[in-house]
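**Q**
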Amino acid sequence: MFGNLTGWAPSFFLLALALKFWMEPRGYRLRSFILKVILAAVTVGAIFLSYGTLKGIEPAVSLLAVLVSLKILEAHTAREFQVMVMMAWVLCLCGFLLSQDLAIAFCLFVAFALLIAALIQFHRGSSPGAFWLPLATTFKLLAQAAPVVVLLFLLFPRINTGFQLRIGDLHAARTGFSDRLSPGGIAALANSTDIAFRAEFPDNRTSPPDPMYWRGLVMWNCEGMEWRAPYAPASISGSGHPASDKTIRQRITIAPHGARWMFALDRPFGITSGAMLARGNYLYSVQPIRKPRRYE
-8 MFGNLTGWAP SFFLLALALK FWMEPRGYRL RSFILKVILA AVTVGAIFLS
42 YGTLKGIEPA VSLLAVLVSL KILEAHTARE FQVMVMMAWV LCLCGFLLSQ
92 DLAIAFCLFV AFALLIAALI QFHRGSSPGA FWLPLATTFK LLAQAAPVVV
142 LLFLLFPRIN TGFQLRIGDL HAARTGFSDR LSPGGIAALA NSTDIAFRAE
192 FPDNRTSPPD PMYWRGLVMW NCEGMEWRAP YAPASISGSG HPASDKTIRQ
242 RITIAPHGAR WMFALDRPFG ITSGAMLARG NYLYSVQPIR KPRRYE
């Protein structure tokens, strides 16, 4: 689950939990309204910088995780505790939107059960057997719900390509190119008439059109039947590959798509300003491309 999110969001959530365990016995909590607003603005801005947008499942889940983290630091009353538990249940549900791996499902089930146990213990108050009795009640409730789960598993309609919620891929809709590839995606790309980029060769020197290989993204991550490019690819140095007599000078105008991919013929030797050479030998823009951009 964490592999699909920007790395600092889950870390921020775990740090907030650790701080809460330290703050609660001492009576500390996040009280200042101005500090709350500043932290919220900083975390929302950090998510925007990490993804280049606030739209989509991963940015939305990251946003929910960091806002829950701030709520954890602020919470003090019984009502706030119950709100946190319900928000944590929503986060568990979001885990299935990001991944449907069996190991992830088991971890989410354990987290869901522990949240139920915490809520039961909260309503029981301090009493002997404070650890095992809430767990026993939790397992009893889950056992009562098991027949419904089995019926849903047997009777709920299956979708051959996988049951995974997707918000519309606006990038692909605007350029005919996307940072995700799933069954049917290649056909949609082939049928698209949208212009992804235009290329010129100032030196009138290029290879025949047929063997041209334009590199835009390298998709390293696979989830079920979908391949996707990393959100923050690792940068590599291009200095070890000097230009040769076979170097082809390119002048490219790329259409705005809101993402950060940039096209180049085969392996780029020169790195244009405002971009980096990512692992996989492709250009990656430092900032999202929101207007036509020209580079060499």
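Quick note: the sequence shown uses the working numbering, first residue -8, plus one each step. Using N, Cα and C, we set each Cβ at its ideal position, and we do this for glycine too. Predicted model, so just to flag it, every value in this text is computed and none were measured.
Compare the C-alpha of A31 against each of L8, M14, Y42 and A56 and name the closest.
**A** A56
**Q** Let me know if H248 comes out buried or exposed under the rule of 16 or more other beta-carbons within 10 Å of its beta-carbon.
**A** buried
**Q** If you run the structure through DSSP and keep just helix, strand and coil, what is S23?
**A** coil
**Q** Rounded to whole angstroms, what is the Cα-Cα separation between V52 and F130?
**A** 28 Å
**Q** Hey, quick one: how far does the beta strand (DSSP E) through F188 stretch, first residue to last?
**A** F188 to E191
**Q** Would R251 be called buried (16 or more neighbouring beta carbons within 10 Å of its own) or exposed?
**A** buried
**Q** Ordered along the chain, which non-local residues of its own chain (more than five positions away) have a Cβ less than 6 Å from that of K11?
**A** Residues I63 of the same chain have their beta carbon placed closer than 6 Å to that of K11, with the five preceding and five following residues left out of the count.
**Q** If we count the other Cβ atoms within 10 Å of its Cβ and call it buried at 16 or more, is C85 buried or exposed?
**A** buried
**Q** Closest by CA to W218, which one among F72, V209 and F87?
**A** V209
**Q** For the beta strand (DSSP E) that A258 lies in, which residues bound it at each end?
**A** Just to set this straight, residue 258 is Arg in the shown sequence, not Ala. No beta strand (DSSP E) holds R258; DSSP gives it neither H nor E.
**Q** At the level of alpha carbons, what is the spacing between Q112 and P125?
**A** Each residue's alpha carbon lies about 6 Å from the other.
**Q** Would you report the Cα separation of R285 and A255, rounded to the nearest angstrom?
**A** 12 Å
**Q** Use the C-beta contact count for I186: other C-beta atoms within 10 angstroms, 16 or more gives buried, fewer gives exposed.
**A** exposed
**Q** Does the distance from the C-beta atom of V277 to that of G261 stay below 8 Å?
**A** no
**Q** Taking only three categories from DSSP, how would you classify M267?
**A** M267 falls in the strand class under three-state DSSP.
**Q** Could you tell me the alpha carbon to alpha carbon distance between L5 and K46, rounded to whole angstroms?
**A** 24 Å
**Q** If you follow the alpha helix (DSSP H) that I245 is in, where does it begin and where does it stop?
**A** Where I245 is concerned, there is no enclosing alpha helix (DSSP H), although the beta strand (DSSP E) it sits in stretches over R242 to I245.
**Q** Under 8 Å between C-beta atoms, does A108 make it to chain C?
**A** This model lacks chain C altogether; it includes just one protein chain.
**Q** Provide the residue(s) that pair with S226 in DSSP beta bridges, ordered along the chain.
**A** A269
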